[in-house]
Amino acid sequence: MRLDGSLWPIQRQRRAYCMKSIFARNKQGILRESARRSLILKHLPFYYHIHLSMPCNQRCIMCKPDGKHPKETLPFDEFVAFFENIKPFAEHITLIGGETLIYPWIGEVIDLLAQHEIAVTINTNATMLNKDLVTKLLRLHELNLKCSIDAATPATYFKIRGTDVFHRVAANLTQFSSASRDKPNMKQILVYVVMRENLAEVLPFIEFAKALNPHRIEFHPVRHVTDWQVTNKTGWFFDGREQSCEFFQDEYNSVMKEAAAACTKEGISYETILI
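FYI, the numbering for the sequence shown is 5 to 279, going by this note's numbering.
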């Protein structure tokens, strides 16, 4: 150790090697225990979902259309304490909300995670994806930015998500795409929740997404909400019997096959679910 308390380069290399060795042994151990279906695990997980906060800034028809999201928020010091315990073993951390990017300390969380070789997934509606935040995100070791959009036009976006910010979201995604274009570890994943109301926009959405150079598009069907009748104060009334994909199964499956073909043609990875 140097006089100023810092480590010599060879000491830093040895410490890094030891940490990687601990991580590898832990991962191998928990995979063995999982394969054996052990009821008691002696090793720590290496993949974590962390719910930072419950509040959201949208009124999505398939989530909380009344906008009454719970107010609970994880204190930043509790996040830091938890992270200190898991960082020797964590390989991948997924941050979720509410809306993840309105978490009061999201910048500090990203700065902390950027100091470690950890893959990070962030679920977001991209409404708050500003230039400063993009700059911070690009410092992460690896990022999967999962952005929910659900529409190819402002009118349908407003109906489903309850806020009239389609163009702002498109601009934010374009900004991230441009900034991350030469960074293969920075992946933008677009999420499209399919229902009757937006089925006709699935193929136009793929055309819209091309310019964003997404790593993948995920299509998730609305299902099993037959008794759900709600409004999100946009003037649209959501009737589960009309919107659930199982009630127009053949048409839905046909569009999903077309979507798969369109994504393949454009060289875009995709995830579709046939029902």
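Ideal Cβ positions, reconstructed from N, Cα and C, are used throughout, including at glycine.
Neighbour-count burial assignment, residue i, 16 or more Cβ in a 10 Å radius
{"i": "Asn202", "result": "buried"}
{"i": "Phe180", "result": "buried"}
{"i": "Val229", "result": "buried"}
{"i": "Gly166", "result": "buried"}
{"i": "Val84", "result": "exposed"}
{"i": "Phe93", "result": "buried"}
{"i": "Ala265", "result": "exposed"}
{"i": "Thr125", "result": "buried"}
{"i": "Ala263", "result": "buried"}
{"i": "Ala204", "result": "exposed"}
{"i": "Ile110", "result": "buried"}
{"i": "Arg63", "result": "buried"}
{"i": "Leu11", "result": "With a pLDDT of only 42 at Leu11, under 50, the local geometry of the prediction cannot be trusted, and no value is derived from it."}
{"i": "Thr1", "result": "The requested residue 1 is not part of the displayed model; the chain covers only 5 to 279."}
{"i": "Ile279", "result": "exposed"}
{"i": "Ala3", "result": "In the structure displayed, the chain extends from 5 to 279; residue 3 sits before or after that span and is not available."}
{"i": "Phe4", "result": "Past the edges of the chain, shown from 5 to 279, lies residue 4, and the structure says nothing about it."}
{"i": "Lys269", "result": "exposed"}
Residue from the options with nearest C-alpha to residue i
{"i": "Phe87", "options": "Pro59, Phe252, Glu103, Gln119", "result": "Gln119"}
{"i": "Glu112", "options": "Met190, Ala130, Ala155, Leu144", "result": "Leu144"}
{"i": "Tyr196", "options": "Ile277, Gly271, His73", "result": "Ile277"}
{"i": "Val173", "options": "Lys191, Gln192, Pro188, Ile153", "result": "Ile153"}
{"i": "Ile272", "options": "Gln247, Cys249, His219", "result": "His219"}
{"i": "Pro49", "options": "Leu141, Asp81, His96", "result": "His96"}
{"i": "Asn361", "options": "Glu205, Arg227, Met190", "result": "No answer is possible for residue 361: the residues shown for the chain start at 5 and end at 279."}
{"i": "Leu99", "options": "Asn127, Asp115, Lys72", "result": "Asn127"}
{"i": "Gln192", "options": "Val84, Ala215, Pro108", "result": "Ala215"}
{"i": "Asp168", "options": "Asn61, Phe252, Gln247, Cys67", "result": "Asn61"}
{"i": "Thr178", "options": "Gln247, Ala213, Ala156, Pro188", "result": "Ala213"}
{"i": "Pro280", "options": "Glu246, Tyr274, Val198", "result": "Not covered by the structure: residue 280. The range shown for the chain is 5 to 279."}
{"i": "Leu194", "options": "Cys267, Asp254, Glu250, Asp243", "result": "Cys267"}
{"i": "Leu133", "options": "Pro158, Ala159, Ala175, Asp254", "result": "Ala175"}
{"i": "Ala130", "options": "Leu142, Pro108, His171, Leu117", "result": "His171"}
{"i": "Phe223", "options": "Pro69, Tyr274, Pro158, Cys151", "result": "Tyr274"}
{"i": "His280", "options": "Pro188, Ala156, Ile90, Arg245", "result": "Lying outside 5 to 279, the shown extent of the chain, residue 280 is not represented and no answer is given."}
{"i": "Trp188", "options": "Leu142, Arg200, Thr157", "result": "Note that residue 188 is Pro in the sequence shown here, rather than Trp. Of the listed residues, the one whose Cα sits closest to Pro188 is Leu142."}
{"i": "Thr238", "options": "Ala39, Tyr51, Pro69", "result": "Pro69"}
{"i": "Gln250", "options": "Ala39, Arg200, Asp81", "result": "The sequence given here places Glu at residue 250; Gln does not occur at that position. With distances taken between Cα atoms, Glu250 lies closest to Arg200."}
{"i": "Ile65", "options": "Asp254, Glu255, Phe252, Gln247", "result": "Gln247"}
{"i": "Cys67", "options": "Asp81, Asp136, Thr139, Gly244", "result": "Gly244"}
{"i": "Leu139", "options": "Asp81, Asp115, Ile221", "result": "Looking at the sequence provided, one finds Thr at residue 139 rather than Leu. When each option's Cα is compared against that of Thr139, the closest is Asp115."}
{"i": "Cys151", "options": "Asp136, Ile221, Pro158, His73", "result": "Ile221"}
Residue(s) in a DSSP beta bridge with residue i
{"i": "Ala123", "result": "His96, Glu146"}
{"i": "Gln233", "result": "Asp243"}
{"i": "His53", "result": "Thr98"}
{"i": "Thr128", "result": "Cys151"}
{"i": "Phe223", "result": "Tyr196"}
{"i": "Glu275", "result": "Glu222"}
Minimum Cβ-Cβ distance from residue i to chain B less than 8 Å
{"i": "Ser248", "result": "No chain B is part of this structure, which consists of one protein chain only."}
* Three-pair Cβ contact test at 8 Å for the region 257-266 versus the region 179-195 -> no
* To do: Evaluate contact between the region 234-246 and the region 202-220, counting only Cβ atoms and requiring at least three cross-stretch pairs below 8 Å.
  => no
* Asked: Taking contact to mean at least 3 C-beta pairs separated by less than 8 Å, is the region 57-69 in contact with the region 97-114?
  -> yes
* Asked: What are the start and end residues of each continuous beta strand (DSSP E) run of 3 or more residues lying completely inside the region 167-221, in chain order?
  -> 190-198
* Mind the definition here: the region 139-156 touches the region 72-81 only if three or more C-beta pairs lie below 8 Å; say whether that holds. => no
* Asked: Quick one: complete alpha helix (DSSP H) runs, 4+ long, within the region 65-91?
  -> 80-90
* Asked: Is there contact here, the region 155-164 with the region 119-128, by at least three beta-carbon pairs under 8 Å?
  -> no
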